[in-house]
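First up is the structure itself, then whatever we jot down about it.
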Amino acid sequence: GLRCGIRRQRAYHRYNSYKGDVGQSFANIIGRNFTATGPWQKLGTDVTEFKLSFGKAYLAPVYDFASKEIVAHSISMCPNLAQQQEMLQVLVEAKPEGVKPVLHSDMGWQYQHETYIRTLADNGFIQSMSRKGNCIDNGATEQVFGHLKDEFFRGQDWQ
């Protein structure tokens, strides 16, 4: 029969951090309105997986919807709470004095963790979450991952 060399041989498994209600969830304050009049008003975060020749790596960036910049990030071989704590430390240090940004995420377990929630609250961030199973609610951040993977990873063998 015919074979298509473009299609995947193995089933595609996408990284998913959702483990149900493991902590506190928050209202979707952003509501798919990703426009902001200035930097540090609306930010988005998520975790994406990169398959590399030596294993997997995970990127946890914070994207500013107004300036279109990655204002903080962490890269890890394991998408765990330590990665999020590292990213939050960079984010808190970068945050300008006197601003109270909304940080939007999906409902991944790490964003419901009490340490994550407390760090944001203690440092003047307002937490916002997508509705369960609705990736479009975090579309601005998801598109950054798509562009990043298209430009740097598709067709490349990073060793």
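Just add 311 to wherever you are in the sequence shown, counting from 1, and you've got our numbering. Here a beta-carbon is modelled for each residue, glycine too, at the ideal position from N, C-alpha and C.
Which residues in the same chain have their Cβ closer than 7 angstroms to the Cβ of residue i, if we skip the five residues on either side of it in sequence?
i, result
"Pro407", "Trp351"
"Gly431", "Here the sequence assigns Leu to residue 431, which means Gly is not the residue at that position. So the qualifying residues of the chain are Leu414 and Gln438."
"Thr452", "Gly355, Thr356, Asp357 and Tyr374"
"Gln395", "Ala371, Gln421 and Tyr427"
Looking at the unbroken beta strand (DSSP E) that takes in residue i, where does it start and where does it end?
i, result
"Phe463", "Not the beta strand (DSSP E): Phe463 falls in the alpha helix (DSSP H), residues Gly450 to Phe463."
"Gln438", "Ile437 to Met440"
"Phe361", "Thr359 to Leu363"
"Gly349", "First-last for Gly349: undefined, no H or E at that position."
"Ser385", "Ile381 to Ser387"
"Asp375", "Gly366 to Asp375"
Tell me which same chain residues have a C-beta within less than 6 angstroms of the C-beta of residue i, skipping the five on either side of it?
i, result
"Thr359", "Leu370 and Phe456"
"Asn434", "Val403"
"Ile341", "His415 and Ser439"
"Glu397", "Ser385"
"Gly349", "Ala377"
"Lys353", "Ala347, Phe376 and Val413"
Would you tell me roughly how many angstroms separate the C-alpha atoms of residue i and residue j, rounded to the nearest one?
i, j, result
"Gln421", "Asp357", "10 angstroms"
"Ile447", "His415", "12 angstroms"
"Pro412", "Lys362", "32 angstroms"
"Arg442", "Ala383", "24 angstroms"
"Lys379", "Arg429", "26 angstroms"
"Ala377", "Ala368", "27 angstroms"
"Asp461", "Phe337", "32 angstroms"
"Ala347", "Tyr374", "12 angstroms"
"Phe463", "Asn344", "28 angstroms"
"Val410", "Asn339", "20 angstroms"
Within the continuous alpha helix (DSSP H) that includes residue i, where are the two ends?
i, result
"Thr430", "Glu425 to Asp433"
"Glu404", "Leu392 to Ala405"
Do residue i and residue j have their C-beta atoms within less than 8 angstroms of each other?
i, j, result
"Gly334", "His424", "yes"
"Pro372", "Ile381", "yes"
Excluding the 5 residues preceding and the 5 following residue i in the sequence, name in chain order all residues of the same chain whose CB lies nearer than 8 angstroms to its CB.
i, result
"Leu392", "Gln421, His424, Thr426 and Tyr427"
"Gly366", "Met388"
Here's the rule I'm using: 16 or more other beta-carbon atoms within 10 Å means buried, otherwise exposed. How should residue i be labelled?
i, result
"Gln400", "exposed"
"Met418", "buried"
"Ala405", "exposed"
I'd like to know if residue i contacts chain D, where contact means its C-beta is closer than 8 angstroms to some C-beta of that chain.
i, result
"Ala338", "In the structure shown, chain D cannot be found, because there is only a single protein chain."
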